[in-house]
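A quick write-up on the structure given underneath.
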Amino acid sequence: MEKQKSKRVMNLRKLKICIFFLISIVLISAAAADRVYVKGNAASRGVAKGLVGKNHEFSDSFSVEASKSKIALLKAIPGIEIEKVPVFYITAPPFNTCGDGSCQGYENPDSCPEDCGGSIECYPDSQYPWGIQRINGGSGGSGVTVAVLDTGLDTDHPDLSNNVKSCVAFGYAACEDGHGHGTHVSGTVLANGKIRGVAPDASLMAVKVCSDSGSCYDDDVATGIYHAVDNGADIISMSFGGPSLSSVDRL
Numbered sequence: 400m401e402k403q404k405s406k407r408v409m410n411l412r413k414l415k416i417c418i419f420f421l422i423s424i425v426l427i428s429a430a431a432a433d434r435v436y437v438k439g440n441a442a443s444r445g446v447a448k449g450l451v452g453k454n455h456e457f458s459d460s461f462s463v464e465a466s467k468s469k470i471a472l473l474k475a476i477p478g479i480e481i482e483k484v485p486v487f488y489i490t491a492p493p494f495n496t497c498g499d500g501s502c503q504g505y506e507n508p509d510s511c512p513e514d515c516g517g518s519i520e521c522y523p524d525s526q527y528p529w530g531i532q533r534i535n536g537g538s539g540g541s542g543v544t545v546a547v548l549d550t551g552l553d554t555d556h557p558d559l560s561n562n563v564k565s566c567v568a569f570g571y572a573a574c575e576d577g578h579g580h581g582t583h584v585s586g587t588v589l590a591n592g593k594i595r596g597v598a599p600d601a602s603l604m605a606v607k608v609c610s611d612s613g614s615c616y617d618d619d620v621a622t623g624i625y626h627a628v629d630n631g632a633d634i635i636s637m638s639f640g641g642p643s644l645s646s647v648d649r650l
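Just so we're aligned, residue 400 is where the sequence shown starts under the numbering used here, counting upward by one.
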C-alpha cells in the first residue's frame, strides 16, 4: 500500500514537471513569434495557409504570427517569400491633465511627463477653437465621411457619439480606445458638442488598428485602409509614424 502511494506521488511529480515544460515551450514559442507577410502565387499561398493559418489576407499575400520554426517551414515551400510586417507608433501620449485649472503651459509632449505634471483635467474654455470659422470655409463637413485609423474610440464621448457612423477593429477584439489618441484625433476632426472640431457635421468611421500602448501593425493598418475605402470613406486619417511602407501598402 505504501509503495503504491509513493508511486502515485512520483507519477504526479513527473506529470507536473511535464506540464511545466509544455507551458514553458508554449510561452517561449509565443514570445519568439514574428508577424510576417507571406507572398507567392495562389497555390503556394494555399499550402502555406494550411500549415500556419492567417491573420489578414491581401491580393497577393497574407499575414500571420509565425515562430522561427514556422518561418523556416514557410521558406521551404517553392514560390513563397517572407517579409516582416512593419510596426508604426504613436509616440506622444495623449494629454489627460495639463498644467493648472486654466489649461496653461502646454509643454512639448516629447519632454514632459505623461500627464504634463498637472492634477486637473484640461479642457479648452471656448466651444469654437481659434480660427475655426476660417478653417470651415463655409462648410462643416456635411455629407463627408472621415475614417480615423488609430487606437479606437470612446464611443460614449458626448462630443463625438452623435457623429459616429461605425466603429470597427482589426487585430483587436473591440474598437474601444484604451489609449486616448484615437479619441483625441477624432475630436480634432469632428467633435460636435460643447467643443467643436474642424468639421463638426462630418460622419466618423472609427477604425481601431493600434494597440492601447500605441503600436500599430502594418497589416492591421492595411486592412483598415481597405475597409475604409470599401465602405465609402472620403478622407482617411492616420496619425502615427514608423518605417517605410511595406509592399502591401504600396499596392
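Positions of the beta carbon are idealized from the N, C-alpha and C atoms, including for glycine.
**Prompt:** From which residue to which residue does the alpha helix (DSSP H) around Asp-433 run?
**Reply:** From DSSP, Asp-433 is part of no alpha helix (DSSP H) but of the beta strand (DSSP E) over 433–438.
**Request:** Please work out which residues of its chain come closer than 6 Å, Cβ to Cβ, to Arg-565, disregarding the five sequence neighbours upstream and downstream, and give them in chain order.
**Result:** The amino acid at residue 565 is misidentified as Arg; the sequence shows Ser. Answer for Ser-565: Met-604, listed in chain order.
**Message:** Cutting at 6 Å between CB atoms, please list the residues of its own chain near Glu-575, excluding the five before and the five after it.
**Reply:** The beta carbon of Glu-575 sits closer than 6 Å to those of Gly-551, all from its chain and outside the five residues before and after it, given in chain order.
**Asked** Gly-570 and Asp-619 look like a contact to me (Cβ under 8 Å); what is the Cβ gap, rounded to whole Å?
**Response** Rounded, the Cβ-Cβ distance is 4 Å, consistent with contact.
**Three CB pairs or more closer than 8 Å across the region 436–451 and the region 478–493** = Taking 8 Å as the limit for Cβ pairs, the verdict is that the region 478–493 does touch the region 436–451.
**Request:** Return the residue from the list His-580, Asn-562, Gly-539 that minimises the CA-CA distance to Ala-598.
**Result:** Ranked by Cα distance from Ala-598, the first of His-580, Asn-562, Gly-539 is Gly-539.
**Item:** Alpha-carbon spacing of Gly-542 relative to Asn-454, whole angstroms
**Value:** Distance between the alpha carbons of Gly-542 and Asn-454 is about 33 Å.
**Prompt:** With a cut-off of 8 Å, do at least 3 Cβ pairs link the region 586–601 to the region 545–564?
**Reply:** Three or more Cβ pairs drawn from the region 586–601 and the region 545–564 lie within less than 8 Å of each other, which places the two stretches in contact.
**Asked** CA-CA distance, Ser-610 and Tyr-488?
**Response** The alpha-carbon separation between Ser-610 and Tyr-488 amounts to approximately 9 Å.
**Item:** Check whether Val-567 and His-626 have beta carbons under 8 Å apart
**Value:** In this structure, Val-567 lies near His-626, with their beta-carbon atoms less than 8 Å apart.
**Cβ distance (whole Å) where Val-484 is taken to contact Arg-434 below 8 Å** = In this structure Val-484 is in contact with Arg-434, their Cβ atoms being roughly 4 Å apart against a cut-off of 8 Å.
**Asked** Any idea if Asp-553 is buried or exposed, counting beta-carbon neighbours within 10 angstroms, 16 or more meaning buried?
**Response** Its Cβ being crowded by 16 or more others within 10 Å, Asp-553 is buried.
**Prompt:** Is it buried or exposed for Ala-471, if we count other Cβ within 10 angstroms and need 16 for buried?
**Reply:** Ala-471 is exposed by the Cβ-count criterion.
**Prompt:** Looking at C-alpha atoms only, which residue of Asp-549, Asp-633, Ala-632, Asp-629 is the closest neighbour of Ser-612?
**Reply:** Here the closest residue by C-alpha is Asp-549.
**Asked** Leaving out the 5 sequence neighbours to the left and right, which residues in its chain are closer than 7 Å to Phe-639 when beta-carbon positions are compared?
**Response** In the same chain as Phe-639, and ignoring 5 residues on each side of it, the C-beta atoms closer than 7 Å to its own belong to Phe-487, Tyr-488, Ile-489, Cys-609, Cys-615, in chain order.
**Item:** Three-state class that DSSP yields for Met-549 in the structure shown
**Value:** For the sequence presented, residue 549 should be read as Asp rather than Met. When DSSP states are grouped into helix, strand and coil, Asp-549 belongs to the strand group.
**Request:** Compare the beta carbon distance of Lys-469 and Phe-461 with 8 Å and say whether it is the shorter of the two.
**Result:** No, these two residues do not count as a Cβ contact at 8 Å.
**Asked** In whole angstroms, what is the alpha-carbon distance linking Ala-573 and Leu-473?
**Response** Each residue's Cα considered, the two are about 31 Å apart.
**Asked** Between Val-584 and Ala-601, which are expected to be in contact by the criterion C-beta below 8 Å, what is the C-beta distance as a whole number of angstroms?
**Response** Val-584 to Ala-601, Cβ: 13 Å. No contact.
**Message:** Can you check which of these residues, Ile-624, Leu-450, Met-637, is closest to Gly-581 by C-alpha distance?
**Reply:** If we check each option's Cα against that of Gly-581, Met-637 comes out closest.
**Asked** For Ala-475, does the count of other Cβ atoms within 10 angstroms reach 16, so buried, or fall short, so exposed?
**Response** The residue is exposed, with fewer than 16 neighbouring Cβ atoms inside 10 Å.
**Prompt:** Which residue from Pro-557, Lys-607, Ile-624, Val-628 puts its Cα closest to that of Gly-596?
**Reply:** Of the candidates Pro-557, Lys-607, Ile-624, Val-628, the one whose C-alpha sits nearest the C-alpha of Gly-596 is Pro-557.
**Asked** For Val-628, does the three-state DSSP call read helix, strand or coil?
**Response** Annotated three-state conformation of Val-628 is helix, per DSSP.
**Asked** Rounded C-beta distance between Phe-457 and Ala-621? I'm assuming under 8 Å.
**Response** About 7 Å; that satisfies the 8 Å criterion.
**Asked** Could you check where the beta strand (DSSP E) with Ile-476 kicks off and where it finishes?
**Response** Unbroken run through Ile-476: none, as it is neither H nor E.
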